[in-house]
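Asker: Following this message is one structure expressed as structure tokens.
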Amino acid sequence: MENLHDKRKIYEKSQLIETEIKENPIEQFRDWFLDASENPSVSEANAMAVSTLEEDGCPRTRMVLLKEYTYEGFIFYTNYDSRKGKAIEKTHKACLHFFWPGLERQIIIKADLEKIAENLSDGYFHSRPKGSQLGAAVSPQSQEIPDRMFLEEKLKALEQEYENKEVPRPENWGGYIAKPYEIEFWQGRPNRLHDRIIYILEDFDWKISRLAP
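Numbering (our numbering), first residue to last: 5 to 217.
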């Protein structure tokens, strides 16, 4: 057993006040994302947690990589038959979470999800290294497999099959766009009086409020 009561730090690197934020949360996200991308303490600024609701009513969270963001939403790629894919297809909702400890910042995004166009998934799939393409084709993501050798043997067979050929994108692999309807920006502050600014989409306009920490 280990008592963690005394493990704490002082948050004092920045602040988040209404007079300095953007009116559109995507623009605010862009500013923070650029800060994270340029900060040497952040190894993968585009790493985000994606939480979906399982059939037993319990949320399930995993890390994925954000691959694009626009004014419309946030795009990532996955196997549609995976646990996350099946959960998304059932609820069409997910929560995205970015945490950048070096900046003492986090962003929580509630969004509606839908598949992107197949040609966009094709374009991204074929921009990936061939090894990653083969990995996507090999893995029956989230399904039970007998052992590691099962994957290694399938990969070896596909490497031979597509040695001098283009790897086709699997039909069950592609992108989702998460269209946000709520985005919260959290900035650590001293004495646990953190800044929390939340944007909520109401009738196509973003309402901005401050939440108590």
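No residue lacks a Cβ here, since even glycine has one placed at the ideal position from N, Cα and C.
CA-CA distance, residue 115 and residue 183?
Answerer: 5 Å
Asker: Assess, as a yes-or-no matter, whether the stretch 131 to 147 is touched by the stretch 190 to 198 under the definition of 3 or more beta carbon pairs within less than 8 Å.
Answerer: no
Asker: Quick one: grab the DSSP three-state call for residue 60.
Answerer: Residue 60 falls in the coil class under three-state DSSP.
Asker: Figure out for me which residue from 207, 206, 199 has the closest Cα to the Cα of residue 214.
Answerer: 199
Asker: Since residue 81 and residue 128 should fall inside the 8 Å C-beta cutoff, what is the C-beta to C-beta distance between them, to a whole number of angstroms?
Answerer: 6 Å
Asker: Go through its chain and collect everything with a Cβ distance to residue 159's Cβ below 8 Å, but skip five positions before and after it.
Answerer: Contacts found: 138, 139, 142.
Asker: Please report the residue range of the beta strand (DSSP E) in which residue 184 lies.
Answerer: 177 to 191
Asker: Grab the span of the alpha helix (DSSP H) containing residue 123 for me, first residue to last.
Answerer: 122 to 129
Asker: Using three-state DSSP, classify residue 14 as helix, strand or coil.
Answerer: Coil, per DSSP.
Asker: Using the rule of at least 16 other Cβ atoms within 10 Å of the residue's Cβ for burial, across every protein chain shown, is residue 203 buried or exposed?
Answerer: buried
Asker: Within this structure, are the beta carbons of residue 54 and residue 100 separated by less than 7 Å?
Answerer: yes
Asker: Cα separation between residue 84 and residue 10?
Answerer: 43 Å
Asker: Does the count of Cβ pairs from the stretch 23 to 34 and the stretch 59 to 78 closer than 8 Å reach three?
Answerer: yes
Asker: In this structure, how does DSSP classify residue 136 when only helix, strand and coil are distinguished?
Answerer: helix
Asker: Which ranges does the alpha helix (DSSP H) cover as unbroken runs of at least 4 residues, wholly within the stretch 27 to 89, from first to last along the chain?
Answerer: As far as the stretch 27 to 89 is concerned, its whole alpha helix (DSSP H) runs of at least 4 residues are 29 to 42.
Asker: Alpha carbon to alpha carbon, how far is residue 102 from residue 24? Give it in angstroms, no decimals.
Answerer: 21 Å
Asker: Quick one, which of 97, 177, 118, 73 has its alpha-carbon nearest residue 57's?
Answerer: 97
Asker: Determine which residues share a DSSP beta bridge with residue 169 and list them.
Answerer: Paired residues: none, contrary to the question.
Asker: Using only alpha-carbon positions, find the residue among 60, 50, 126 that is nearest to residue 104.
Answerer: Among 60, 50, 126, the Cα nearest to that of residue 104 belongs to 50.
Asker: Is it buried or exposed for residue 20, if we count other Cβ within 10 angstroms and need 16 for buried?
Answerer: buried
Asker: Between the Cα of residue 208 and the Cα atoms of 12, 121, 185, which residue gives the shortest distance?
Answerer: 185
Asker: Is the beta carbon of residue 86 closer than 7 Å to that of residue 146?
Answerer: yes
Asker: Assuming residue 202 is part of the beta strand (DSSP E), what are its boundary residues?
Answerer: 199 to 206
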